[in-house]
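Novice:
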Amino acid sequence: MNVAIVVAAGKGTRLGGDRPKQFLELGGIPIIIHALRQFERCKEIKEVIVVLPAQETAAFQSLAEKFELRKFFRAVAGGDTRAQSVQRGLAAIDEAEIVAVHDAVRPFVTPDEIDQTVQAAKVSGAAVLTGPVADTIKEIARGQVIRTLARPNLRRALTPQCFRYDLLKRAYDHLEEVESEGIKVTDDSMLVERLGVEIRALEGSARNIKITSAEDLILAEAILRQL
Ligand code: CTP
Ligand code: MG
Numbered sequence: 004m005n006v007a008i009v010v011a012a013g014k015g016t017r018l019g020g021d022r023p024k025q026f027l028e029l030g031g032i033p034i035i036i037h038a039l040r041q042f043e044r045c046k047e048i049k050e051v052i053v054v055l056p057a058q059e060t061a062a063f064q065s066l067a068e069k070f071e072l073r074k075f076f077r078a079v080a081g082g083d084t085r086a087q088s089v090q091r092g093l094a095a096i097d098e099a100e101i102v103a104v105h106d107a108v109r110p111f112v113t114p115d116e117i118d119q120t121v122q123a124a125k126v127s128g129a130a131v132l133t134g135p136v137a138d139t140i141k142e143i144a145r146g147q148v149i150r151t152l153a154r155p156n157l158r159r160a161l162t163p164q165c166f167r168y169d170l171l172k173r174a175y176d177h178l179e180e181v182e183s184e185g186i187k188v189t190d191d192s193m194l195v196e197r198l199g200v201e202i203r204a205l206e207g208s209a210r211n212i213k214i215t216s217a218e219d220l221i222l223a224e225a226i227l228r229q230l
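Note that our numbering gives residue 12 to position 9 of the sequence shown, counting from 1, and the numbers run on in steps of one.
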């Protein structure tokens, strides 16, 4: 069985506002519900664990009922960082073949993209959805340009990122050590990369945006209108 962990325990500080961005509505439906509906429609995922701010876990049950989320399995309280939230989600899984980790604030991933990433992980152990980089990327230090990175080799890391359960657990065993070095673990692949295993990079769609800032909300409204 394949399980998804949808992380939604962030505070949304860059976007601001009264409520974390995952609960804001797009076309009258909370962003997190848009994301969870993509998992409802995919074939490969049977159960979804939703990681939430501690004060939201109880209320989420009724939201899941309201939107008839059949695959919703359990709500768990998140941690201080995204990675700690994923780790809490992982702790709620007894058994799984593949675990797909997804940001609740990526409402436009398609069910096909989810299925393809899970299927690739079944073959290779690890697969992540990636997107093209449009800008030229510079490495800078103290306000000075150090070098230009070779754009053909660069991809944006999207979600879902899918891994064999045992592999992901092994990767997360090192979380405390990595975070104590001051490294910000911004995706799951980062931890798996340290194990030296192969990770497939699949081409994802440009519409799989992460809603991070206020401008992204405007873009999301536009994407929703043309779906
Ligand atoms: N996330 C989480 N637990 C945290 C931090 C983030 O579950 N402690 C989740 C967010 O809810 C989001 C995803 O990880 O779905 C990607 O994180 P990001 O876009 O950075 O969201 P926030 O951390 O909420 O926003 P910000 O960094 O602006 O505060
Ligand atoms: Mg964040």
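Even glycine gets a Cβ: it sits at the ideal position worked out from N, Cα and C.
#1: Looking at C-alpha atoms only, which residue of Lys46, Asp190, Thr215, Val51 is the closest neighbour of Glu98?
#2: What residues in its chain sit with their C-beta under 6 Å from that of Pro56, if we drop five residues either side in the sequence?
#3: Name, in chain order, the residues that DSSP records as bridge partners for Ile143.
#4: Check Leu66 in the structure and name its three-state DSSP category.
#5: What is the chain-ordered set of residues for which the beta carbon lies under 7 Å from any non-hydrogen atom of the ligand CTP?
#6: Grab the span of the beta strand (DSSP E) containing Thr120 for me, first residue to last.
#7: Tell me whether Pro23 is buried or exposed, calling it buried when 16 or more other Cβ atoms sit within 10 Å of its Cβ.
#8: Excluding the five sequence neighbours on either side, which residues of its own chain have a C-beta within less than 7 Å of the C-beta of Phe70, listed in chain order?
#9: Applying the 10 Å Cβ sphere with the 16-neighbour rule, what's the burial state of Ser88?
#10: Let's test the definition: count the other Cβ atoms within 10 Å of the Cβ of Gly81 and tell me whether it reaches 16, buried, or not, exposed.
#11: Quick one: measure Cβ to Cβ for Asn211 and Glu100, integer angstroms, because I've assumed they're closer than 8 Å.
#12: Is it true that the CB of Pro114 sits closer than 9 Å to the CB of Gln41?
#13: Could you give the distance in angstroms between the alpha-carbon of Arg85 and the alpha-carbon of Asp190?
#14: In this structure, how does DSSP classify Pro23 when only helix, strand and coil are distinguished?
#15: To the nearest angstrom, how far is it from the Cα of Gln164 to the Cα of Ile202?
Specialist: Taking the geometry as given:
#1: When C-alpha distances from Glu98 are compared across Lys46, Asp190, Thr215, Val51, the shortest belongs to Val51.
#2: Within the same chain, Pro56 has close Cβ partners Ala12.
#3: Checking the DSSP bridge columns, you'll see Ile143 partnered with Val148.
#4: In the structure shown, Leu66 falls within a helical segment according to DSSP collapsed to helix, strand and coil.
#5: Counting every residue whose Cβ lies closer than 7 Å to a heavy atom of the ligand CTP, we get Val10, Ala11, Ala12, Gly13, Lys14, Gly15, Thr16, Arg17, Leu18, Pro23, Lys24, Gln25, Val54, Gly81, Gly82, Asp83, Thr84, Arg85, Gln87, Ser88, Asp106, Ala107, Val108, Lys213, Thr215.
#6: No beta strand (DSSP E) holds Thr120; the alpha helix (DSSP H) holding it covers 114–127.
#7: Counting other Cβ atoms within 10 Å of its Cβ, Pro23 reaches 16 or more and is therefore classed as buried.
#8: The residues are Ile36.
#9: With 16 or more other Cβ atoms within 10 Å, it is buried.
#10: Classification of Gly81: buried, given that the 10 Å Cβ count is 16 or more.
#11: In fact, because the Cβ distance is near 24 Å, the residues do not count as touching under 8 Å.
#12: A distance below 9 Å separates the beta carbons of Gln41 and Pro114.
#13: Between the alpha carbons of Arg85 and Asp190 lies a gap of roughly 8 Å.
#14: When DSSP states are grouped into helix, strand and coil, Pro23 belongs to the coil group.
#15: If I take the Cα positions, the gap works out to 10 Å.
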